[in-house]
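Numbering (this note's numbering), first residue to last: 7 to 1133. Remarks on the structure that follows.
Take a look at the structure:
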């Protein structure tokens, strides 16, 4: 009672304070209008030069009136209340965003915060609230709404100074950070976050333009946010063109240049022409590989990477389409590991998901994607929506490092722990793609790596379209435009890399116009020497001739080189002319398509206008006809009413004249004396009938007002009125539901749960009792109703909700009647079955252990005893609301508890029982002589038992787990293959088992390799122990199943219980019995053969003379013969 009193007193104080401020607010508004602080709405419009600029005076984060109003309306966030209460904390409350609407009163100066208060409020949100919520998810809705309110206050006051710019910059960084951190959360919407970010960046661009025009100075962070504005419009060419109109120092800054490079790399020429998608860029390189390399580069800041992350799926889609157009069908499928690096994916499944979204075939091995079939014959479905972006762990998340949200929001261009300065040392670069200059390429000398089995085969050696080389002995292979990694010998340069567009220093060609002509042969001058011998003269002469010949060969080589350069120049010019012709042809086709599209649009518009005119004319004719009919009916009605009125007036005049005649007749008769009393009233026999006929046409009843009303009649009318009032209270709609909801809201243990459901199960909705209950709980005609944001109620649900906390079960109204013992027992059994059916349908994942309240229309003793429940309510229709409220106030709703258990723990329960069966089967095998057929049967029965362990473990996990999903490790286990008998008597056990372990379905990697080595190294004369092999196999199987599952705390995971529930003993016992029957049949055959052998070797002795035979010698003889026969 004390808590209720405190709550009522607090509510009254809040109520009185709120109404007090509301009254003072009107006085404050009139005073502000009088002082000229806000415009007078009664004066109408005003000129722009007379407009009043609002100046805020609120010095707290939330105005007092709004704080009291929201406290009164219970519209407070948990970050604005005292810890553990719902009472507003004035030091934590922050003004909310109010969407402007027509008819709203203008804000007062006390409702608006000045710039310094707005900046301190933003500091509180980013430094305090985000410090409490490291993951940003719980506080995102609160912070996002309050930052919108801050921007709204800046707008109301027309403030565009440096404080406004600083606040908007920090808000923009917060939205970009949320795009990366919260994209994997449920209920997240990129579109809503990008919408707010676009609004913030648009305001910033206006602020920057105004500040630069006023102060003739560029702010230090303008380049950063201009770059963000370019990146959120990554496929919009007009945004990149608008950036060229910026000042030169700003345009040449590093962030804007980096954003323009991403603009150029993100352009595509293979986009489908669908509504809502960006237009294609002609001659676009589709440089998806360079796009992800640049994002991965340390030069790309973290926040830029967060914005680019939203476009990853679109770039990957264009990459697959470009690959499909480039690769012929003879190539092998593209390895997923290479695609992960090229497309910036985190794992193979992400690559497979992107490929399957385009209907590309993905090759898988053991459930894992290994390659994608993408070639010219592949069919791509581009109509599927783009996959929503997810957090990139391998590229974007690594750039964040150890920075907190506060550091990122308050630091310009965060890269690790540094910040990038805005410099203007770069040269302007064209944002659009331009044709590369041709260059003479030399063959690389590195050695090509050996291709894998999934890599495409090397193409045939042909001359590339842009490869111009000098005189060479062999042709080089054609460049592959989609070759990734380092290139080797025989592979050309990538056509879309930066190095392909620039000539290498080692291969600079000489111009054909600058080459010098071939030198003339040097003349041989032999001076006359009379003193030299003839041999020396001859040697000098031969030397001069050889020198002249050498000079001639050099000249010829230079001439040939000039000829080859001329040929190359001609080929280059021819190729350029061909490219120009191709470009002109594409331009003509584009113009033709635009003309066709224009014709279609004009034709469609003309058709629509014609149809609209035709429809409008038809509709107009129909409307005119209907209007004419309406006027005609109105005219007929008026004329009929007029005729009826005239007729009624004439009839009334006639009756009045007749009444005067009767009055005169009565007067004359009363004055006459015939010996009778003169005071007796005289009435004609037809007078009453005429009065009734007077109002027959008006359907009214003539009441005799002269007749007095007695006390009995008044008492009867009063009792009837009371009965009507009692019936209205008895059938008041939703009265019991309100009492129930009020009682549940007072429960402290339910305040931390967002959903609490109530289930009403009526006996029969066609009966009046069930209808009364539905009316009391506001469920007449419906089966579900939300009481508030936390409590909901449903009626007769086939599948109860996981948040079910209370069950209201209506018992049969027949129990309130005088029934025989047999009838009452039958009705109670039906009620017990109905209640058991409801309990069995309760989900195992429910949050609560729901309490059950029985609603009885009679005595509840037998109902409690039969249904084994103590909570039964004997319904009193007059005080049903108080009964429900008292019951719920004493109710305790228990919350379920869950435990964690691994899949391996569950499988070990069945492994122990399986090993005992394997040991028993092995003992049976040792009881007979070793045979190949028996050993194969022992192996197959052991394999069948191992398969039963796998199946039973999966069933037990399904049965115990809260979730219906099976662990990936258990689901991936396949049935082990059986061992095939060769039918040969001479056999090798080690070889047979090794062949069995080599089956492709039985692949456990290193552990199986170790087991194979142990079996192969054993003694060939010994048969491998089946129990040891199968024990090792079970250990290998369940070593990988380390996933945890969630089970309710009440679920029993004891060994005997699980074995009984899964029927494991019977399932494995049938395999052992099968082997026992086989062993028995073998033993019987052996005994039969022994008997036959004994009869053939030792004939029965004659009755006259019996021979004594030694049993030990006979046993030795039989053993030696058996070994010789069955060795």
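By construction, the Cβ of each residue, glycine as well, lies at the ideal position given by its N, Cα and C atoms.
Quiz item: According to DSSP, which residues form a beta bridge with residue 374?
Solution: 371
Quiz item: When DSSP labels each residue in this structure, what does residue 801 get in the three-state scheme?
Solution: strand
Practice problem: Determine the direct distance from the alpha carbon of residue 963 to that of residue 1014, and round the result to whole angstroms. | Solution: 26 Å
Practice problem: Determine the burial state of residue 1077: buried for a count of at least 16 other Cβ atoms within 10 Å of its Cβ, exposed for fewer. | Solution: buried
Self-check item: Contacts around residue 119, its chain only, beta-carbon distance under 6 Å, and the 5 residues preceding and following it disregarded
Solution: 62, 64 and 159
Quiz item: Is the segment 823-831 touching the segment 746-756, taking contact as three or more C-beta pairs under 8 Å?
Solution: no
Quiz item: Which ranges would you report for the alpha helix (DSSP H) in the segment 737-790 if only whole runs of at least 4 residues count?
Solution: 741-751 and 774-782
Self-check item: Cβ-based neighbour list, residue 762, same chain, cut-off 7 Å, excluding 5 preceding and 5 following
Solution: 750, 756, 796, 797, 809 and 811
Quiz item: Taking just the CA atoms, how far does residue 153 sit from residue 877?
Solution: 51 Å
Exercise. Specify whether the segment 359-372 and the segment 397-404 touch according to this definition: at least 3 beta carbon pairs, one from each stretch, less than 8 Å apart.
Key: no
Practice problem: Please classify residue 859: does DSSP put it in a helix, a strand, or coil? | Solution: strand
Self-check item: Span of the alpha helix (DSSP H) around residue 271
Solution: 260-271
Practice problem: Name, in chain order, the residues that DSSP records as bridge partners for residue 94. | Solution: 87
Quiz item: Which whole runs of the alpha helix (DSSP H) in the segment 139-179 are 4 residues long or more, in chain order?
Solution: 146-162
Exercise. Measure from the alpha carbon of residue 1039 to the alpha carbon of each residue in 1094, 982 and 1083, then state which is nearest.
Key: 982
Quiz item: In three-state DSSP terms, what is residue 457?
Solution: No answer about residue 457 holds up, because its pLDDT of 35 lies below 50 and its placement is not dependable.
Quiz item: Given residue 958, which residues of its chain have a CB within under 8 Å of its CB, disregarding the five upstream and five downstream residues?
Solution: 916, 1068, 1070 and 1073
Quiz item: Quick one: is residue 138 buried, meaning 16 or more other Cβ sit within 10 Å of its Cβ, or exposed?
Solution: exposed
Practice problem: Decide if residue 835 is buried, meaning its Cβ has at least 16 other Cβ atoms within 10 Å, or exposed. | Solution: exposed
Exercise. Give the single residue among 555, 633, 718 and 287 whose Cα lies nearest to the Cα of residue 593.
Key: 287
Self-check item: Nearest to residue 316 (by Cα), restricted to the options 1066, 273, 845 and 240
Solution: 240
Quiz item: What alpha helix (DSSP H) runs, 4 residues minimum, are completely inside the segment 562-642?
Solution: none
Exercise. Closer than 6 Å by C-beta to residue 148: which residues in its own chain qualify, once you throw out the five before and the five after it? Chain order, please.
Key: 83 and 85
Quiz prompt | Three-way DSSP call (helix, strand, coil) for residue 228 in this model | solution = helix
Quiz item: Could you give the C-beta distance for residue 185 and residue 87, rounded to a whole number, given that I count them as a contact under 8 Å?
Solution: Actually they do not touch by this definition, with Cβ atoms about 29 Å apart.
Quiz item: Tell me which same chain residues have a C-beta within less than 6 Å of the C-beta of residue 965, skipping the five on either side of it?
Solution: none
Quiz prompt | DSSP state of residue 350 mapped onto helix, strand, coil | solution = coil
Quiz prompt | Span separating the alpha-carbon of residue 911 from that of residue 1045 | solution = 10 Å
Quiz item: Quick one, are the C-beta atoms of residue 815 and residue 859 less than 8 Å apart?
Solution: yes
Practice problem: Take residue 318 and list the residues in its own chain whose beta-carbon comes closer than 7 Å to its own, dropping the five residues that flank it on each side. | Solution: 350, 395 and 398
Quiz prompt | residue 324, buried or exposed, once every other Cβ within 10 Å from all chains shown has been counted against 16 | solution = buried
Quiz item: Taking contact to mean at least 3 C-beta pairs separated by less than 8 Å, is the segment 729-741 in contact with the segment 768-776?
Solution: no
Practice problem: Mind checking which residues open and close the beta strand (DSSP E) that includes residue 252? | Solution: No beta strand (DSSP E) holds residue 252; DSSP gives it neither H nor E.
Practice problem: Have a look at the DSSP bridge pairing and note the partners of residue 341. | Solution: 377
Quiz item: How would you write the range of the alpha helix (DSSP H) that residue 845 sits in, first residue to last?
Solution: 827-846
Quiz item: Distance, Cα to Cα, residue 475 vs residue 251?
Solution: Below a pLDDT of 50, predicted positions are generally treated as unreliable, and residue 475, at 35, falls in that range; the measurement from the model is reported next regardless. Cα to Cα, the separation comes out at about 42 Å.
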